[in-house]
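Below is one structure; the comments refer to it alone.
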Amino acid sequence: MTETRADTPPPRAQARPSTAVAVLGPGQVAEAIGGAGRIPYVAVGSVDDLTGSRAGAYSAVVVVSHGMEHASQRAVQEYASARRTPWLPVSLDSGWITIGPLVRPPRPGCPLCVRRRQSRNRQDASARRLLRERPGSAPRETTDSMVPPMLAAAVARLVRGELDGLVRDEPDGALLVRSELDGLVRDEPDGALLVRSELDGLVRGEPDGVPEGPDAARTDGAILRLSVLDGSARRHRFLADPWCPWCADLPPDTGAGAIPGDRPLPKDKASPGFRLSDLRSRDAELRGRYVDAETGLIGSVATGSVGGMPTAVARLAPGRVGHESQHGYGRAADYRSAGLTALAEALERSAGERPGGRRTTVHGSYEQLAADAIDPRTLGTHPEELYRLPDYPFVPFAPDQKTSWVWGYSFARAAPVLVPESAVYYGPPTGGGPRWMFESSNGCAAGSCLEEAILHGLLELAERDAFLMTWYARLPVPRVALDSAADRRIPLTEELLTRRYGYRVTVFSTMLEQRVPTFMTFAVNDTDPARPAMAFGAAAHLSPERAVLSTLWEITSLMEALGDGFDPDAVAPMVTDPLLVREMADHAALYTHPATRSRAGFLDTGGPPLSLGAVAARAGWPSHPDLSDDLRELTWRYLATGLDVIAVDTTSTEQAAGGFASAKVIVPGMLPMTFGHAYRRTEGLPRLLTVPRQLGYRDRDLRPDEINPHPHPFP
Numbered sequence: 001m002t003e004t005r006a007d008t009p010p011p012r013a014q015a016r017p018s019t020a021v022a023v024l025g026p027g028q029v030a031e032a033i034g035g036a037g038r039i040p041y042v043a044v045g046s047v048d049d050l051t052g053s054r055a056g057a058y059s060a061v062v063v064v065s066h067g068m069e070h071a072s073q074r075a076v077q078e079y080a081s082a083r084r085t086p087w088l089p090v091s092l093d094s095g096w097i098t099i100g101p102l103v104r105p106p107r108p109g110c111p112l113c114v115r116r117r118q119s120r121n122r123q124d125a126s127a128r129r130l131l132r133e134r135p136g137s138a139p140r141e142t143t144d145s146m147v148p149p150m151l152a153a154a155v156a157r158l159v160r161g162e163l164d165g166l167v168r169d170e171p172d173g174a175l176l177v178r179s180e181l182d183g184l185v186r187d188e189p190d191g192a193l194l195v196r197s198e199l200d201g202l203v204r205g206e207p208d209g210v211p212e213g214p215d216a217a218r219t220d221g222a223i224l225r226l227s228v229l230d231g232s233a234r235r236h237r238f239l240a241d242p243w244c245p246w247c248a249d250l251p252p253d254t255g256a257g258a259i260p261g262d263r264p265l266p267k268d269k270a271s272p273g274f275r276l277s278d279l280r281s282r283d284a285e286l287r288g289r290y291v292d293a294e295t296g297l298i299g300s301v302a303t304g305s306v307g308g309m310p311t312a313v314a315r316l317a318p319g320r321v322g323h324e325s326q327h328g329y330g331r332a333a334d335y336r337s338a339g340l341t342a343l344a345e346a347l348e349r350s351a352g353e354r355p356g357g358r359r360t361t362v363h364g365s366y367e368q369l370a371a372d373a374i375d376p377r378t379l380g381t382h383p384e385e386l387y388r389l390p391d392y393p394f395v396p397f398a399p400d401q402k403t404s405w406v407w408g409y410s411f412a413r414a415a416p417v418l419v420p421e422s423a424v425y426y427g428p429p430t431g432g433g434p435r436w437m438f439e440s441s442n443g444c445a446a447g448s449c450l451e452e453a454i455l456h457g458l459l460e461l462a463e464r465d466a467f468l469m470t471w472y473a474r475l476p477v478p479r480v481a482l483d484s485a486a487d488r489r490i491p492l493t494e495e496l497l498t499r500r501y502g503y504r505v506t507v508f509s510t511m512l513e514q515r516v517p518t519f520m521t522f523a524v525n526d527t528d529p530a531r532p533a534m535a536f537g538a539a540a541h542l543s544p545e546r547a548v549l550s551t552l553w554e555i556t557s558l559m560e561a562l563g564d565g566f567d568p569d570a571v572a573p574m575v576t577d578p579l580l581v582r583e584m585a586d587h588a589a590l591y592t593h594p595a596t597r598s599r600a601g602f603l604d605t606g607g608p609p610l611s612l613g614a615v616a617a618r619a620g621w622p623s624h625p626d627l628s629d630d631l632r633e634l635t636w637r638y639l640a641t642g643l644d645v646i647a648v649d650t651t652s653t654e655q656a657a658g659g660f661a662s663a664k665v666i667v668p669g670m671l672p673m674t675f676g677h678a679y680r681r682t683e684g685l686p687r688l689l690t691v692p693r694q695l696g697y698r699d700r701d702l703r704p705d706e707i708n709p710h711p712h713p714f715p
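For the sequence shown, the UniProt record's numbering gives the first residue as 1, with consecutive numbering after it.
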């Protein structure tokens, strides 16, 4: 039992804070905020004064800072976090006055989160950084003297409107906000009307824009930016950065937390594609939550037409123009659906770089953790000779090497299992350590719940595994009769490709031993040497016709892109040196060269085509009204063929804010999709040698020297 000395003062938390608000910072903006009002706003000279004789007496803090000077904000964040005191930053920088965000410790979301979002979204972020680092060349910052007194008064009233409802014991804080703004308009008619009308327009035009409740504020999860030039105002929403050094507080990753739920998940008949809900009903909400050019997780969603197909791109970070594959892309029958597909894919990709929902807690070697861990070698490794290439970024696996591990769920063991963090996320391990192999977003998927994400992640693995198995083992897979489709868009899309581009289009059934409907599309140019020679696509879906339509739409967009950038002379060196195939785009570009046409000769054997009905009959997928039954059936098919299914919950705080979940699905023994021929992972996967015989394509197992040596053509 802890003893208490008689002379020990009572804990400071027992003191009831007053309604006073501390105002920290110099200049007329700070002085205007500290002027007379309903609630005392007390000027303090420094953060040290907050912790002095009045420590614990302030119910909120306002911090006014200038330019890039944010040291006072960091100090106040530490002070406020220790006391759970709300605080509001006001920043003057580059022609703008920024109010917010309202920080409510321990809730995540702080001004550093905002600055990190802005830095990632601004295309000129790197240039601005260089200017600031170069003596004498930094851009001129907004100073306090540049702010007109009228605008300083407007800022003061906006700040009071944000905090008065929070500080006072009032049942209707929103009324106080309105009264503050109404008073602003009455007291400051010149210019203040512009601020009020701008903010009112933002509130009216933004669904789910302003939080509701007795202590709600416009700067909850948002900032207000006022132009020093004309007083106009803009409101930008943001999500707390899960990796923010100031306020992030991720829960620890645990084995118990890796176990997915076992619950009924009735499917929505109006939502096609084995999904539980239709995102189209949430279009405005999702765009309002995630898309903002200044502070959004997604900088923009742009739509257009490629080959007559509505397409969209959701840009996660416009400043990173060299990483186009990290954005979200969508294709659909209409522009709204394409935009939502792109947005969902961007959310999926945003969670794939590093853990954003749980804090990695396990660090050690496989030798130490083998009882609870998977053997990384079962995931496929690079051929031994590749590790000897100069500057190769990966090292051979050794059991005593230490690295970070995350918890996943093994459906075969029916128990949690440790997985190398580098096999789940494609960024560097958070705790350091070696990287044994190239990893991509292969097997990543998002959904309205974890089970839905796992189902679609496993379908993506099936698609890529079947494509690579067909290519590396050179399987003479059967053609599909597209005119047998009940969905008449399928033969119409085939005809479009033929008439528009002059390509002969063939779809092959690449179904493997788990009997999941998977397909490869092959488009070959037999007529026009000025156009790309070949293009490939792939798809998997529990509905064969949906998969076929998807792969035809994919190749329609791909043909347009390949045709625009077709340059056989630029591609020619890759024909003779496969190690020059270094990036994702190189794989598709290589097979635009006419010299590669013979490499796909194993595909078209001229045998009788399969009807889509025959493919569906072979798959034999039962009709389930519940998504949990679909997931159970799909995982059982892999377990029945001797493979394990491991699911890692990768849901980030950003995804969870919109009601999404994401997963990385791993099936040891399946062929992992990699990009860059030097990063192919074909070693340690005996299934690559045995499945061709099991499926009846060969009368014996494949020898290692018979594996297709050419880079795969996956787009």
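We put the beta carbon where it would ideally sit given N, CA and C, even for glycine.
Quick caveat, the model's predicted, so the values are computed rather than measured.
The distance from the Cβ of P266 to that of P625 is about 6 Å, consistent with a contact at the 8 Å cut-off.
It is roughly 29 Å from the alpha-carbon of D564 to the alpha-carbon of S509. Of the other Cβ atoms in all chains shown, fewer than 16 fall within 10 Å of the Cβ of L492; this residue is therefore exposed. Counting only runs of 4+ residues, the alpha helix (DSSP H) found wholly inside the stretch 303 to 357 occupies 335 to 350, in chain order. For V505, the enclosing beta strand (DSSP E) covers residues Y503 to S509. Residue range Y41 to V44 is occupied by the beta strand (DSSP E) that includes Y41, with no alpha helix (DSSP H) assigned at that position. Taking every protein chain shown into account, the CB of G352 has 16 or more other CB atoms within 10 angstroms, so this residue is buried. DSSP places G165 in the helix class (H, G or I) of the three-state scheme. Taking the CA atoms as reference points, G676 sits about 39 Å from D262.
Membership of C444 in the beta strand (DSSP E) is indicated by the continuous run C444 to G447. Residue state for D93 is assigned as strand, using DSSP reduced to three classes.
Residue burial is scored here from C-beta neighbours: Y392 has fewer than 16 other C-beta atoms within 10 angstroms and is therefore classed as exposed. For A473 against L688, the beta-carbon gap comes to about 7 Å, under 8 Å, which counts as contact. Contact check for I374 and V406: beta-carbon distance about 11 Å, past the 8 Å limit, so the pair fails to qualify.
In this structure, L279 and I298 do not form a Cβ contact; the two beta carbons are roughly 14 Å apart against a cut-off of 8 Å. By the criterion of a C-beta distance shorter than 6 Å, P40 is surrounded in its chain by A20, once the five residues flanking it on both sides are discounted.
Comparing alpha carbon positions, the residue from I33, G25, L685 and S65 closest to L379 is L685. In its chain, beyond the 5 residues on either side, F411, T635, Y638 and V667 have a beta carbon closer than 6 Å to the beta carbon of V645. C-alpha of D526 to C-alpha of H236: approximately 53 Å in a straight line.
The stretch 332 to 341 and the stretch 527 to 539 do not touch, with fewer than 3 CB-CB distances between them shorter than 8 Å. In the structure shown, I374 adopts coil according to DSSP, grouped into three states.
The beta carbon of Q694 sits closer than 7 Å to the beta carbons of E513 from its chain, once the five residues preceding and following it are set aside; these are given in chain order. Straight across, the Cα-Cα distance linking R275 with S65 is about 48 Å. Residue state for D626 is assigned as strand, using DSSP reduced to three classes. By the Cβ test, the stretch 88 to 98 is not in contact with the stretch 249 to 263, since fewer than three Cβ pairs between them sit closer than 8 Å. Under the 10 Å beta carbon count, E384 is surrounded by fewer than 16 other beta carbons and is classified as exposed. Just measuring C-alpha positions, the residue of G165, Y679, Q118 and G537 sitting nearest A222 is Q118. Beta-bridge pairing by DSSP links A538 to M520. In the DSSP assignment, no residue is bridged to Y679. According to DSSP, residue pairing for A661 in a beta bridge involves G447.
Minimum Cα-Cα distance from S441 among the listed residues I99, R680 and M673 corresponds to M673.
Shown here, N708 sits in coil according to DSSP, grouped into three states, outside any helix or strand. Between F438 and Y426, the alpha-carbon positions lie close to 8 Å from each other.
Judged by DSSP secondary structure, P420 falls within the beta strand (DSSP E) whose first and last residues are A415 to P420. For the pair G669 and P111, the Cα-to-Cα distance works out to about 45 Å. Excluding five sequence positions before and after V103, the CB atoms of its chain that fall closer than 6 Å to its own CB belong to W87 and C110, given in chain order.
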